[in-house]
Every structure is written in C-alpha cells, then in structure tokens.
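What follows is a single structure, written as structure tokens, with notes after it.
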Amino acid sequence: MADLVGKSIVVTGGASGIGLATVAQLLRLKARVAVGDLGPSPSAGLTELVAQTTDQDLFFYKQVDVSNRPSVDEFMRAVLQRFGMVDGLINNAGICPNEGEMATDEVFDAIMAVNLKGVWNVGTEAIRIMAKQESRGVIVNTASDAALKGIKGLAAYTASKHGVLGLTRVWCKEWTPKGIRVNAVAPGVTDTPMVAKIASGHTSGEETTKQWLQNIPMGRFGQPAEIGSVICFLLSKESSFMSGQVLRIGGGEGE
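Numbering of the sequence shown is given in my numbering, commencing with residue 11 and proceeding in unit increments.
Shown next, in the form of structure tokens:
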C-alpha cells in the first residue's frame, strides 16, 4: 500500500468521478489533501467524504478555475498557507462537452483552456514550488485513453489529451534530473458522471454504451477507485524509479 502519511497532495477536479475517488483514498492513507474545483464550496460527495474522515484537518478546499492563471496562483498560495508545501499534484480537472460532427471554435477553445492550459497552469506553478523544496515532489497528470489513439467525434478532447501526454514527457526530461517525477494515467472508459454525460449525448445512449463495452476485453467499465489506486501508487515511493510514463488503465482495451 502506498505510504503517503502526512504528504501534502493537491487535487484539481476533485469534486466527482476519478478525482473524488482519489481524494477518498488519499484521506484513508492519512495524506493532507487540498482540493480545487469550480464550485464555490465542496461538492456533496466531498462533504460526505470529509464528514467520515477522523481528522478533518487533513482536508482543504478552495474554488479554482484552472484555465485562469490568477485563480491558480491564488489557489496554490492558499495551499501553501494551509499545508506549507506541495509534495504531490494530481492534475485531474477536465471537461468533455459534446463536440457534434465538428467542434465549434468556442468548444475547441473551452476544451483546450481546461484540459491542456489548465494542466500547464497548475503544473508549472507546482513545479516552481517543488523546485524550492528539499524534498521536491511528484506530479501525476490525468490524460486519457484518448491520448494514445484517435476517437471519432472527440477531436478537440483527443487533441487536448495528446497535449497532456506531451507535457508529461517533456516535464520529465526537464525536471526529473532536479528531483521532480512526472507521470500520467490514461484511463479507458470509466464509470464517472463525465462518461455518462458523453453517452447521453449520443442518439442512442444504450447502443453507445454497448459498443464501448464490446471494445473492452474485461467486459465492463473501470471504477474511479481503480484509477485512484494507480494514481496513489505513482505518488508514492513505490514508484520511485518511474518518470515520464503513461499508465493505461482500460481493462485491456487497445492492448
């Protein structure tokens, strides 16, 4: 099991889905968790989770718009004020709106602003902080199976996730020699509100779901906690010789 006791971990997009499941695991591991999301206050899922936590001082929440640099800077300053350092970052915030036959420029820009620029904004600020710390730190970017292939109907989303993979690999080259490890996870179809929304955007949601399942050798969707477990592994010393890697978590899809 990952040893993250007392570690200060920042999670963006932690209000639901993979982010929420990862926050739950981090709190069970006694890490100190700073969550940033668009809501002015913690989501119902986060509120319930924290209520069940024995030490609520381990949890901190602040609203943040990852696409906005001043908002990110304010968020990270608040994290430092609360926890004093940043041992790990989970760059998880992301969106996947319906692109239709071809995404409009507005939709394309919105996706890039959150999925790629958001990773850049939070990642670069975390790196600046980690580079000044004796213990340095670890970054885990949430990419997607879309970062490893093309997905029809999701051109903008796919492009954004390819960009996340590129940042992961370049940051590894630039910062691992200085003690900061950077990896990514590439989840396949996972049982999250985002995936449910994508399916509902198709003419036949049930048919779309059936087609997705047919492409997964395990015959089921991933669970957010299964992705969270891998993220926690990448944050821990158990993965101390790993950097620049992308771990595909998709039930065998694409292998």
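The beta carbon of each residue, even a glycine, is placed where N, CA and C say it ideally should be.
Identified DSSP bridge partners for residue i
{"i": "Lys47", "result": "The displayed chain sequence assigns Asp, not Lys, to residue 47. Answer is Gln73."}
{"i": "Pro234", "result": "Answer by DSSP bridge pairing: none, since Pro234 is not bridged."}
{"i": "Arg42", "result": "Ser18"}
{"i": "Thr200", "result": "Gly232"}
{"i": "Val256", "result": "Ala194"}
Top-ranked residue by Cα proximity to residue i, from the options
{"i": "Val180", "options": "Asp47, Ala31, Gln255, Leu36", "result": "Gln255"}
{"i": "Gly232", "options": "Gln91, Met252, Gly261", "result": "Gly261"}
{"i": "Met140", "options": "Glu236, Gly128, Val192", "result": "Val192"}
{"i": "Cys242", "options": "Ser26, Ser18, Gln35", "result": "Gln35"}
{"i": "Lys72", "options": "Val60, Val89, Gln66", "result": "Val89"}
{"i": "Val60", "options": "Leu48, Ala44, Pro50", "result": "Ala44"}
{"i": "Pro197", "options": "Gly104, Lys188, Ser154, Phe93", "result": "Ser154"}
{"i": "Asp75", "options": "Gly110, Gly94, Asp97, Thr22", "result": "Thr22"}
{"i": "Lys127", "options": "His172, Val240, Val148", "result": "His172"}
Exposure label - residue i; buried when at least 16 CB within 10 Å
{"i": "Thr57", "result": "exposed"}
{"i": "Met112", "result": "exposed"}
{"i": "Phe69", "result": "buried"}
{"i": "Asn108", "result": "exposed"}
{"i": "Pro52", "result": "buried"}
{"i": "Ser170", "result": "buried"}
{"i": "Lys162", "result": "exposed"}
{"i": "Thr114", "result": "exposed"}
{"i": "Met86", "result": "buried"}
Expected contact under 8 Å - CB spacing of residue i and residue j to nearest Å
{"i": "Leu14", "j": "Leu245", "result": "6 Å"}
Problem - the segment 158–176 / the segment 112–126 touching (three or more Cβ pairs under 8 Å) - result: yes
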